[in-house]
Structures are given as C-alpha cells and as structure tokens.
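Residue numbers (UniProt numbering): 1 to 288. C-beta atoms are modelled at their ideal positions from N, C-alpha and C, and glycine is treated no differently. This structure is a prediction, so every number in the text was calculated from the model and none was measured.
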C-alpha cells in the first residue's frame, strides 16, 4: 500500500523530539501515512501556519491557534500543558526585586509575537499595572538569545521559555514573575503552552489516525525513553542529559497523552482571556 507523506512541524526542544520519535521513525506505524519532520523554533512554526503554506500537522502556541481556528483544529495528544511549567520574566540581579509593574516603559525581549508566553505577559501585565500604565516595548528575539541580551543590558528584561527555565541563574538573572504561577493562581487550571494541530482540510480519518498515532508515540516514549535519547540529545540546545531529563519531566505528562476535559477547558480559558483583552481577535472554537 502506498504511503502518504505528511510534513509535521514541531520544535527541537526535548519534549517534542521525545514525543514524536516513535511516530517519525516508524516505531509506531500509522497505516498509509509517513511523517516528515519539519523541526523549527515555535515562533517559526506559528508564522508558517499564519502564512500561505501552512503545514498539515504542526505545533502551535495558544496565541497563534486563536488566530487560526478556521484553519486548524487541536489534536488531543502531544500537547505541552501542565503545572509549574510556565514562562518566566527575568532581569539582572543588580536591578533588584519587583513585579510586572516594573516593566512599564521598559524594553522586554520576547520569544515571538504569537507565543503563548507573550499572550500571558500581556494579560498579566495589564492585570497588575492597570489599563493606564505605560506599556512595555516588546523586542522580538529567538528564545535562546534572550538571556544573553538581558545579561548584557541590551534589554531591561526578558520573557524566557523552554530549557531557559533551568539555566537563567547561571547568566546572573533573577525571576521577576512566574507567569505560570499567575495563571494557576487565577484559574486553577494547567497552563496550555503549545498544542499539536491538524489542518481542517484534512479528512477526519487522517486526523483521527494522526491523533491516535501520536498518542501511541507518547506512550512508547514513556515506556522506553532510551529509544529517543540520542535523537533528543542531537536536537537539544542544552546538551546536558540532566537538563534534557528535567525538560521532558516538566513538559510531558498525562495531558500529552490526552488533553481530557481539564486540558480543553484550559485552552478555551486562555483563548477567551486573550480575546476579552483585545490582544487576540474574535474567532471560532479550536475543536472539531
């Protein structure tokens, strides 16, 4: 039987390569389908989906997804969603303590216009500083360039994601705010960072097959983590095995196997808050 190739977008971060290894390398076969990995930074994936050549299967930030509900639907498997794993706002230790109000009028490096981290920062900065506060200036950078820029003083603060959560102190930085904690305190829900989505013009049988295959791939990764270890290390920007393991433990969990009602509620709530704040445009549901 001939196989149909599906270009599949996800990041080089350990949680994604860990989850997708079985699917990409055929350890978890999906009859009639072959998966061609398109590995890129999350904001590059967001921008690709927003452009004229969207991938059939791709990881998306919640902020990008909210703008693309007419084009993409969320799969129940493969999400980065949990507790204690939110983005951090950091600045130089010498600048002292404070909270998000300290960002008013400052230059803040962010890992992309359409990232979930940026959406959360906008929502909680407004909540803490008020509608009349002077806004911060967002300076877009790749996520791995943010900590060096903050340490060098070229920006006043930075919004960090991925493995930067484990290494910012080594750059002489301190956390000004944990946006995941802000979210959990406000909502009681896990924080939805990134979801795997399928284009709506794929037929339902294909979408269901991809969803089931990805679920089995995540389950295999949990059962036999040694299978993916070399591939994870090959793509990780932080090559230390302990940091890779921390990253996977933080971002891959039961919600990655299946979002369930709580995971779906968390995604709906974040999109609703973004739309209510007018940071996100109105739109339809992300579910099929």
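Taking the C-beta atoms as reference points, residue 122 is found no nearer than 8 Å to residue 190. Counting the other CB atoms within 10 Å of its CB gives residue 59 a total of 16 or more, which places it among the buried residues. Judged by DSSP in its simplified three-state form, residue 275 adopts helix.
When secondary structure is reduced to three states using DSSP, residue 59 falls in the strand class. In the DSSP assignment, residue 71 falls outside any alpha helix (DSSP H) and carries neither an H nor an E. The residue from 233, 187, 257 with its alpha-carbon nearest to that of residue 211 is 257. Under the 10 Å beta carbon count, residue 52 is surrounded by fewer than 16 other beta carbons and is classified as exposed. For residue 12, the three-state secondary structure derived from DSSP is coil. Taking the C-beta atoms as reference points, residue 36 is found nearer than 8 Å to residue 5. A residue is called buried once 16 or more other Cβ atoms fall within 10 Å of its Cβ, and residue 164 is buried on that count.
As the crow flies, the alpha-carbon of residue 22 is around 43 Å from that of residue 103.
Using a 10 angstroms sphere on the CB of residue 142, the tally of other CB atoms stays under 16, which defines it as exposed. Annotated three-state conformation of residue 87 is coil, per DSSP. By the 16-neighbour rule on beta-carbons within 10 angstroms, residue 156 is buried.
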